[in-house]
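**Q** Numbering (this note's numbering), first residue to last: 362 to 757. From the three backbone atoms N, C-alpha and C, an ideal C-beta is built for every residue, glycine too. As the structure is a prediction and not an experimental result, all values here were calculated from the model. Mind having a look at this structure? Questions to follow.
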C-alpha cells in the first residue's frame, strides 16, 4: 500500500519536506483556489504537479497521485444529469488531471454541508485536542441559530429541552464559534462558506429532494462521467457521508454498505469506486468495516484511515487516536493488504492517515483543523507499524 499525505499547498504551513520526513511518498491535493464549478485546466494542474514533483537532487521524490477533490457543484446534486454545463466542466477537470497522469479522484455527494463538526478543539484526557460532533450542540444550531423550518420534528422533546437550555446559557462568542464551525466550511471541504440566511436558502433549494431522488442524481452523475473515466484509466472514489446520517433534514446516500452496493449495481463501471474512510463509516455501529472492505475490495482505490469514538447513544462522537476508538484498524488493514497483494504496484491502494490530534508543538501553532502535522505523523507511524507486522506475519 502506498503511503500518502494530504497537502493543501505552499501556504498551508506544512512543507513538502515535512511530508518527506513523515515517510509518505504520495501527495493528496487539489486546486482549492479554483471556484467550484469552474473547469481546471491542464496548465493549472501541471503547475501544481511541478511544484510537488520537481524534486531537488538531495531530496526524496514525491508524486501527486490523488486529487481530493474536484468539488461537485450544488446544481449536480439538485438536478442530476440536467446540470449539463456543470457536468461538462467536471469532466474537463478530470481530463486535465489525466493528461498530467493523475488517475485517482476522491469526491463526495453530501448536500449543502460537507463533513460537519461542532467543536474543532475538544480537549482529550491527554491534553491534546480533537474534533468532535456533539448532537446537543448541533441541535442548538439547527433549532435556535439556523431556525430551520420543521427542525423541531427531527428532535425529541428531551432533545429540544436540552438544546433550549444550552442556547440560553451560551454567550455571543460561543454562538459565533458554533456557527463558524458548522456553516463556514471546514478547511479541505468541498462546499463554500455560508451565512445563516444563505444556509437557509440552500436548504430550501433542496425542498422535495429525498434519498431516492438524490441517489438518482448521483447515478446520473456517474453515468455521465464514468465512460470518460474508463477511457482515461481514471478511478473515481466516493467518500462516505460524514457523519453518515441525515443532517438538517437532508438525505445522505453514502453512509452504509447497502448505499454503496446500490451505486455499484446501478453503475458497474470499473471506474466507479469508493474512498474507504474508516472514520466516517465507523461512526455508525451497524457498519461492519472489515466486512465492507472485504465485499468492496476491488472498488477500493483510496483509503482514509482514522478512528472515531462514539459517545453515549452514538449520536455524538469525537476523533480518536488512530489505533483507539471504535475502529478495529488491524482487522481493516488485514483486508486492505489482502486486496493490495493481488494488484501490481501501479494499482496499489493509496492511503493516508486522516485527521489527527493537535498535540505537542502544534498546540501553539495555527494549524488546519483536522490536519495538524504531528498528530497525522503519529497516526501514519502507527498504521505503518501495523502494516509491517501484518506483512511479516504473512511471510512467516
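Just the C-alpha distance for residue 580 and residue 573, rounded to the nearest angstrom, thanks.
**A** In the chain shown, the residue the question calls residue 580 occupies position 219. In the chain shown, the residue the question calls residue 573 occupies position 212. About 10 Å.
**Q** Please name the residue in 635, 669, 608, 666 whose C-alpha comes closest to that of residue 496.
**A** Here residue 496 corresponds to residue number 135 of the chain shown, with the count starting at 1. Considering only alpha carbons, the answer is 608.
**Q** Taking C-beta to C-beta, are residue 494 and residue 677 nearer than 8 Å?
**A** Locating residue 494 in the chain shown gives position 133, where the first residue counts as 1. Locating residue 677 in the chain shown gives position 316, where the first residue counts as 1. Yes, these two residues count as a Cβ contact at 8 Å.
**Q** Expressed to the nearest angstrom, what Euclidean distance is found between the alpha-carbon atoms of residue 661 and residue 522?
**A** In the chain shown, residue 661 corresponds to position 300, counting from 1. In the chain shown, residue 522 corresponds to position 161, counting from 1. Looking at the two C-alpha atoms, the distance is approximately 43 Å.
**Q** Label residue 415 either buried or exposed according to how many other C-beta atoms from any shown protein chain fall within 10 Å of its C-beta, with 16 as the threshold for buried.
**A** One-based indexing of the chain shown puts residue 415 at position 54. When all chains shown are included, residue 415 counts as exposed.
**Q** Return helix, strand or coil for residue 639, following the three-state DSSP convention.
**A** The sequence position of residue 639 within the chain shown is 278, counting from 1. Correct three-state label for residue 639: helix.
**Q** Near residue 450, which residues of its chain fall below 7 Å by C-beta distance, leaving aside the five closest residues on each side in sequence?
**A** Translated into positions along the chain shown, residue 450 becomes position 89. Closer than 7 Å at the Cβ level, and outside the excluded window around residue 450, lie 398, 399, 400.
**Q** Taking the continuous alpha helix (DSSP H) assigned at residue 446, which residues delimit it?
**A** For the purposes of this step, residue 446 is identified with residue 85 of the chain shown, where counting begins at 1. Per DSSP, residue 446 belongs to the alpha helix (DSSP H) from 445–460.
**Q** Just to confirm my understanding: we take residue 694, look at its own chain, exclude 5 residues before and 5 after, and list those with CB closer than 8 Å. What are they?
**A** Against the chain shown, residue 694 aligns to sequence position 333. Within the same chain, residue 694 has close Cβ partners 666, 744, 747, 748, 751.
**Q** Curious, which full-length beta strand (DSSP E) runs of at least 3 residues does the stretch 568–623 contain?
**A** The qualifying runs are 596–599.
**Q** Is it buried or exposed for residue 404, if we count other Cβ within 10 angstroms and need 16 for buried?
**A** Within the chain shown, residue 404 is the residue found at index 43, counting from 1. Under this definition residue 404 is an exposed residue.
**Q** Going by the DSSP bridge assignment, what does residue 357 pair with across the sheet?
**A** No answer is possible for residue 357: it lies beyond the span of the chain, which begins at 362 and ends at 757.
**Q** Return the residue from the list 600, 370, 651, 366 that minimises the CA-CA distance to residue 408.
**A** In the chain shown, counting from the first residue as 1, residue 408 sits at position 47. When each option's Cα is compared against that of residue 408, the closest is 370.
**Q** Which two residues bound the contiguous beta strand (DSSP E) that contains residue 758?
**A** Only positions 362 to 757 of the chain appear in the structure, and residue 758 is not among them; the question remains open.
**Q** Label residue 691 either buried or exposed according to how many other C-beta atoms from any shown protein chain fall within 10 Å of its C-beta, with 16 as the threshold for buried.
**A** Along the chain shown, read from residue 1 onward, the residue named residue 691 stands at position 330. That one is exposed.
**Q** Taking just the CA atoms, how far does residue 473 sit from residue 564?
**A** Residue numbering aside, residue 564 sits at position 203 when the chain shown is read from its first letter. Residue numbering aside, residue 473 sits at position 112 when the chain shown is read from its first letter. Their backbone Cα atoms lie some 7 Å apart in a straight line.
**Q** Quick check: what's the CA-CA separation for residue 560 versus residue 649?
**A** As a position in the chain shown, residue 560 is number 199, starting the count at 1. As a position in the chain shown, residue 649 is number 288, starting the count at 1. Cα to Cα, the separation comes out at about 34 Å.
**Q** Which same chain residues end up closer than 6 Å to residue 461 when comparing Cβ atoms and leaving out the 5 residues on each side of it in sequence?
**A** If you number the chain shown from 1, residue 461 lands on position 100. Within the same chain, residue 461 has close Cβ partners 406, 407, 410.
**Q** Contact defined as beta carbons within less than 8 Å: I believe residue 604 pairs with residue 477. What is the distance between those atoms, to the nearest angstrom?
**A** Against the chain shown, residue 604 aligns to sequence position 243. Against the chain shown, residue 477 aligns to sequence position 116. Yes, they are in contact, since the Cβ atoms of residue 604 and residue 477 sit about 7 Å apart, within 8 Å.
**Q** For the beta strand (DSSP E) containing residue 672, list its first residue and its last residue.
**A** Indexing the chain shown from 1 puts residue 672 at position 311. That run of the beta strand (DSSP E) goes 668–672.
**Q** Around the C-beta of residue 464, are 16 or more other C-beta atoms found within 10 angstroms, so that it is buried, or is it exposed?
**A** Here the question's residue 464 lines up with position 103 in the chain shown. Under this definition residue 464 is a buried residue.
**Q** What distance in whole Å lies between the Cβ atoms of residue 423 and residue 388, which are believed to be in contact at a cut-off of 8 Å?
**A** Position 27 of the chain shown, counted from the first residue, corresponds to residue 388. Position 62 of the chain shown, counted from the first residue, corresponds to residue 423. About 5 Å separates the two Cβ atoms, so the contact holds.
**Q** Can you name, in chain order, every residue of its own chain whose Cβ lies under 6 Å from the Cβ of residue 612, other than the five neighbours on each side?
**A** Taking the chain shown and counting its residues from 1, one reaches residue 612 at position 251. Excluding residues within five positions, the ones whose Cβ falls inside 6 Å are 571, 572, 575.
**Q** I'd like the list of long-range same chain contacts for residue 681, defined as Cβ closer than 7 Å, with 5 residues on each side in sequence excluded.
**A** Taking the chain shown and counting its residues from 1, one reaches residue 681 at position 320. Taken in chain order, the residues that qualify are 668, 669, 670.
**Q** Can residue 641 and residue 602 be called in contact, C-beta distance under 8 Å?
**A** Residue 641 sits at position 280 when you count from the first residue of the chain shown. Residue 602 sits at position 241 when you count from the first residue of the chain shown. Yes; because the gap between Cβ atoms is below 8 Å, this pair is in contact.
**Q** Please identify the residue among 712, 439, 615, 685 whose C-alpha is closest to the C-alpha of residue 362.
**A** The residue given as residue 362 occupies position 1 in the chain shown. It is 712 whose Cα lies nearest to the Cα of residue 362.
**Q** Go to residue 712, then tell me how far its beta strand (DSSP E) extends in each direction, as first and last residue.
**A** Indexing the chain shown from 1 puts residue 712 at position 351. Residues 711–714.
**Q** Is it the case that the stretch 617–625 contacts the stretch 478–490, given that we only count it when at least three CB pairs across the two stretches are under 8 Å?
**A** Not touching, per the Cβ criterion.
**Q** In terms of alpha-carbon separation, which member of 540, 429, 492 lies closest to residue 508?
**A** As a working mapping, residue 508 is identified with position 147 in the chain shown. Of the listed residues, the one whose Cα sits closest to residue 508 is 540.
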